[in-house]
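Just so we're aligned: 199 in our numbering is position 121 of the sequence shown, and the numbers increase by one with no gaps anywhere. These notes are about the structure you will find just below.
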Amino acid sequence: MDRLKRLVLSNGTLNSGKIYKSEKLYQGMNGKFVERFYLSPTESFIFKPLTNNEQLGKEVWVYKYVLPSFPEIYPKLLAHSVAPELDENWMIFEDLGSLRHDFREETVLEVVRLMGGWHSLSVEGMVGLPVTGLKPKMEDIVLELTEKKVLVQGLGMGEIFPLLDRVNFSKRLVLSHGDLHIGNIARAGEKVVVLDWEHTHLNVPYWDLYHLLDLAHPIFPKQVPHPFRELALKTYCEHAGIADDAFIREYYLFSAAFSIWMLLLIRSDLDSGQKKWPREQLEEQFEETLATLRDCIGALLK
């Protein structure tokens, strides 16, 4: 929409003289804010500047070449700018209104069913997508855990190493959202929506499942009873058309290894006194990750 493009200045900020009002929603990794802005008391949109400099142009690419084949589970992209200068990159989305980011079982199962669909898409033509995400690949995580064996044993989780020695994780790549934590899934009214596709890449299917089910986030704490985790995994297998027993066992090992890596990362953040997250949130994230780890290790040792 040309009228929306005219609302953005050359420095990539909203022209306050042409809008009714705006409100900040959240801050990106590079310090820029995603905003809801109004052209009148009843007409609003979402303005998203480039919030992670390394993702230049990636979300627009996904909107153009990937999401059109999906059900409408994402906000519509109404205007955008992709340019060499970082400040000139931005997007304007439809405003879906109030979003609920609760970890409700019915919402999670619906996302799992949808995920089974997008993981079933052919990735042969998706040559524009990277093959790395925000965190290391599993093979790099396993290598790092091996290098930090003493620290892992200090967590009381040395039993992971014999299990890792006997596994060769699947190398099958699927279309991965890349950052599927609770903050990026929501209900808008009765509709489930999946947000922020800028980290979309090719990865193993366990990546999205782990981020949805078992990755602990400082802002969005949750509890995942193990029977529900198993139900979600069986639901995924059903909708992805794969046999569940071997896949689920390998997922548990993936989740356990990833959770140990996360525990070491959180412990490092706690010890360093970093300022990004309040200490109490990090401590809660640590305990949530530890509970996930114990559940998955317990399932593997049965």
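Where is the CB? At the ideal position from N, CA and C, for every residue including glycine. None of these values were measured; they are calculated from a predicted model.
Sequence-distant residues of the same chain with beta carbon closer than 8 angstroms to residue i, five excluded per side
| i | result |
| --- | --- |
| Leu378 | Leu241, Arg327, Tyr330, Leu331, Ala334 |
| Lys154 | Phe171, Glu172 |
| Trp168 | Val86, Gly90, Phe125, Lys126, Pro127, Leu128, His158, Ser159 |
| Val383 | One cannot answer for residue 383 here, as it falls past the ends of the chain, which runs 79 to 380. |
| Lys381 | Summary: the structure shown does not reach residue 381, with the chain confined to residues 79 through 380, and so no result is reported for it. |
| Pro119 | Tyr98 |
| Glu358 | none |
Buried or exposed (CB count within 10 angstroms, at least 16 for buried), residue i
| i | result |
| --- | --- |
| Glu366 | buried |
| Ala310 | buried |
| Arg182 | exposed |
| Met193 | buried |
| Arg84 | exposed |
| Asp257 | buried |
| Ala294 | buried |
| Asn246 | exposed |
| Glu150 | exposed |
| Glu184 | exposed |
| Lys269 | exposed |
| Asp286 | buried |
| Gly267 | exposed |
| Gly234 | exposed |
| Val138 | buried |
| Val186 | buried |
| Val228 | exposed |
| Gly211 | buried |
Spatial neighbours of residue i in its chain, beta-carbon cut-off 6 angstroms, leaving aside the 5 residues before and after
| i | result |
| --- | --- |
| Lys110 | Pro127, Thr129 |
| Gln133 | Glu276 |
| Pro208 | His279 |
| Thr370 | Asp292, Ser337 |
| Cys374 | Tyr330, Ser333, Ala334 |
| Lys136 | Glu276 |
| Glu166 | Gly90, Ser159 |
Residues near residue i by beta carbon distance below 7 angstroms, same chain, minus five either side
| i | result |
| --- | --- |
| Trp339 | Ile219, Glu222, Leu223 |
| Ile344 | Leu360, Gln363, Phe364, Thr367 |
| Phe148 | Trp196 |
Of the residues the options, the one placed nearest residue i, counting alpha carbons only
| i | options | result |
| --- | --- | --- |
| Gly206 | Pro283, His289, Tyr141, Leu273 | Tyr141 |
| Tyr152 | Ala324, Ala264, Ser100, Trp139 | Ala264 |
| Ser122 | Lys136, Leu287, Lys99, Asn108 | Lys99 |
| His317 | Gly195, Pro119, Leu253, Tyr116 | Gly195 |
| Leu199 | Leu145, Arg114, Lys300 | Leu145 |
| Tyr288 | Lys213, Arg345, Tyr143, Gly135 | Lys213 |
| Asp80 | Leu156, Glu163, Lys354, Asp322 | Leu156 |
| Tyr39 | Arg244, Phe325, Pro162 | Given that the chain is displayed from residue 79 to residue 380, the structure contains no residue 39 and the question cannot be resolved. |
| Ile320 | Arg114, His197, Lys136 | His197 |
| Pro162 | Ser88, Arg244, Lys269 | Ser88 |
| Lys354 | Glu113, Gly261, Asn108, Ser118 | Asn108 |
| Leu82 | Val201, Lys380, Glu202, Leu117 | Leu117 |
| Leu251 | Glu202, Val228, Gly234 | Glu202 |
| Gly95 | Gly232, Tyr104, Phe115 | Phe115 |
| Ile97 | Leu187, Glu113, Lys226 | Glu113 |
| Gly106 | Glu225, Gly261, Lys227, Thr210 | Gly261 |
| Ser346 | Val302, Ser176, Lys226 | Lys226 |
| Ser176 | Leu103, Ser147, Phe148 | Leu103 |
| Gln301 | Glu101, Tyr143, Asp180 | Asp180 |
Cβ distance (whole Å) where residue i is taken to contact residue j below 8 angstroms
| i | j | result |
| --- | --- | --- |
| His255 | Trp275 | 6 angstroms |
| Val282 | Leu174 | Not confirmed; about 30 angstroms, so no contact. |
| Arg178 | Thr313 | Not really, about 21 angstroms apart at Cβ, beyond 8 angstroms. |
| Leu253 | Met204 | 7 angstroms |
| His259 | Phe306 | Going by Cβ atoms, the distance from His259 to Phe306 rounds to 17 angstroms, so no, they are not a contact pair. |
| Leu348 | Leu360 | 5 angstroms |
| Trp363 | Pro296 | Correcting the residue identity first, residue 363 is Gln in this sequence and not Trp. Going by Cβ atoms, the distance from Gln363 to Pro296 rounds to 5 angstroms, so yes, they are a contact pair. |
| Val189 | Leu290 | 6 angstroms |
| Leu402 | Asn131 | Beyond the ends of the chain as shown, which are 79 and 380, falls residue 402; an answer cannot be given. |
Proximity test, Cβ basis, 8 angstroms: residue i and chain C
| i | result |
| --- | --- |
| Leu311 | In the structure shown, chain C cannot be found, because there is only a single protein chain. |
Jot down the residue ranges of each uninterrupted alpha helix (DSSP H) in the segment 260-312, minimum 4 residues, whole runs only, in chain order.
284-291
Write down every uninterrupted run of the beta strand (DSSP E) in the segment 102-178 whose length is 3 residues or greater and which is fully enclosed by it, in chain order.
111-118, 121-127, 155-159, 168-172
To test your reading of the DSSP string, which unbroken beta strand (DSSP E) runs of 3 or more residues are found completely within the segment 180-244?
none
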